[in-house]
């Protein structure tokens, strides 16, 4: 007897299924300060989990930065679900050189 379960698929198909089921828009502003081959943010983009925003491009949702002075609250969930969540991908060693104001 052969197993014809549709849940068994190649790794690429599994990634496509996951990227379609994300509960909100996820994005990244990449400041290109790290090794592209080892960058987890770029890998998430390649796999379709997040989309890459151009520096200077406006993002309507909430933006997470390593220098943020406030945290997320449960009341932010409506905004995240409707408009999305973005992160700034930069090097911790170059925070003082990173123009966070360019990520909007």
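In our numbering, the protein residues as written are 1 to 104.
No residue lacks a Cβ here, since even glycine has one placed at the ideal position from N, Cα and C.
Predicted model, so just to flag it, every value in this text is computed and none were measured.
Unbroken alpha helix (DSSP H) stretches of 4 residues or longer found wholly inside the stretch 11–87: 11–20, 40–46 and 77–83, given in chain order. Taking the Cα positions, residue 55 is about 18 Å away from residue 68. Within its own chain, the residues whose Cβ lies closer than 6 Å to the Cβ of residue 25, once the five positions on either side in sequence are excluded, are 84, listed in chain order. By the CB criterion at 8 Å, residue 45 and residue 22 fall outside the cutoff. Around the C-beta of residue 57, fewer than 16 other C-beta atoms lie within 10 Å, and the residue is accordingly described as exposed. Counting the other CB atoms within 10 Å of its CB gives residue 32 a total below 16, which places it among the exposed residues.
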